[in-house]
Amino acid sequence: MASGLAIVLVGLMLGAFDYANSPYVTAVGWVGDQPVPFSHKHHVADDGIDCRYCHTGVETSPNAGLPPTHTCMTCHSQLWTDAGVLAPVRHSYASGEPIRWQRVAQLPDYVYFDHSIHVNRGVACVECHGRIDRMPLTSRAEPFQMQFCLECHRDPAGRLRPPDQVTRMEPLGWTEAEARRFGEGVIAAHHINTKTLDNCGICHR
Numbered sequence: 010m011a012s013g014l015a016i017v018l019v020g021l022m023l024g025a026f027d028y029a030n031s032p033y034v035t036a037v038g039w040v041g042d043q044p045v046p047f048s049h050k051h052h053v054a055d056d057g058i059d060c061r062y063c064h065t066g067v068e069t070s071p072n073a074g075l076p077p078t079h080t081c082m083t084c085h086s087q088l089w090t091d092a093g094v095l096a097p098v099r100h101s102y103a104s105g106e107p108i109r110w111q112r113v114a115q116l117p118d119y120v121y122f123d124h125s126i127h128v129n130r131g132v133a134c135v136e137c138h139g140r141i142d143r144m145p146l147t148s149r150a151e152p153f154q155m156q157f158c159l160e161c162h163r164d165p166a167g168r169l170r171p172p173d174q175v176t177r178m179e180p181l182g183w184t185e186a187e188a189r190r191f192g193e194g195v196i197a198a199h200h201i202n203t204k205t206l207d208n209c210g211i212c213h214r
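Mapping of the sequence shown onto my numbering: residues 10 to 214, in sequence order.
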């Protein structure tokens, strides 16, 4: 009887764990219903536009931010000027009313995340946003749950890059040992105490 109950409880716990980490809960793969079907694949992979052209604050601001409409119009005042799909962009530019994008990489209000710190320490865009250069429509690549953040905070060395390679989507071609050696150098240079990176106050302020 007791052993049967224990098996049921273990099964329920495993089921709850699987459910909590499923795409249904984490929204991994979710594609928002956007006012304009913006393609990172087209803009990044096909046209070669750097992430920082649109997300201007990633190196200097806590928030990466969504680009204002005039950023879109630096190109689209000359290209695809009559495309129906870009009508909301033209309306926004003419009226001054911002486009209401749905955030795909949305963190809860109780989480403090500073883009500039991560970018300037060598955390690549692809670590959190995935191969966005392959996404015709933007989808969530990672769960953005606490465990996802902690995995990196507890062992960041193998995930860091030179700052000029942060926006590169492709792997650097390093071996695991080379990546770790470089990351350990970054950690030492910035005097980062990795033993405190998983303290609650780092992300919850």
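Virtual Cβ for every residue (Gly too), placed ideally from N, Cα, C.
ask   = Would you call the region 78 to 86 and the region 109 to 126 touching, i.e. three or more CB-CB distances under 8 Å?
value = no
query = The alpha helix (DSSP H) with ARG99 in it runs from where to where?
reply = Along the sequence shown, one-based indexing puts residue 99 at 90. Segment 96 to 104, the alpha helix (DSSP H) holding ARG99.
ask   = Whole-angstrom Cβ separation of ARG189 and GLY167, contact assumed at under 8 Å?
value = The residue given as residue 189 occupies position 180 in the sequence shown. The residue given as residue 167 occupies position 158 in the sequence shown. That pair is a contact at about 5 Å.
ask   = Are at least three pairs of beta-carbons, each pair with one atom in the region 65 to 80 and one in the region 119 to 127, less than 8 Å apart?
value = yes
inquiry  = According to DSSP, is VAL120 part of a helix, a strand, or is it coil?
reply    = Counted from its first residue, the sequence shown places residue 120 at position 111. VAL120: coil per DSSP, three-state reduction.
query = Does the region 36 to 46 come close enough to the region 143 to 152 that 3 or more CB-CB pairs lie under 8 Å?
reply = The region 143 to 152 is in contact with the region 36 to 46.
task = Could you please give me the residues that DSSP links to LEU169 through a beta bridge?
result = Numbered from 1 along the sequence shown, position 160 holds the residue referred to as residue 169. Per DSSP, VAL132.
ask   = Just reading off the alpha helix (DSSP H) that ALA186 is part of, what are its end residues?
value = As a first step, residue 186 is located in the sequence shown; it is residue number 177 there, counting from the start. Start and end: 185 to 198.
task = Determine the extent of the alpha helix (DSSP H) in which LEU159 is found, giving its start and end residues.
result = For the purposes of this step, residue 159 is taken as residue 150 along the sequence shown, with counting starting at 1. First-last of the alpha helix (DSSP H) with LEU159: 155 to 162.
inquiry  = Quick check on SER125: does DSSP put it in helix, strand or coil?
reply    = Counting from one through the sequence shown, the residue named residue 125 turns up at place 116. Note: SER125 maps to helix in three-state DSSP.
ask   = In this structure, does DSSP put VAL53 in helix, strand or coil?
value = The residue labelled residue 53 in the question sits at position 44 within the sequence shown. Helix, per DSSP.
message = Considering only their Cβ atoms, is the gap separating PRO165 from ILE196 smaller than 9 Å?
response = Against the sequence shown, residue 196 aligns to sequence position 187. Against the sequence shown, residue 165 aligns to sequence position 156. A Cβ-Cβ contact shorter than 9 Å links ILE196 with PRO165.
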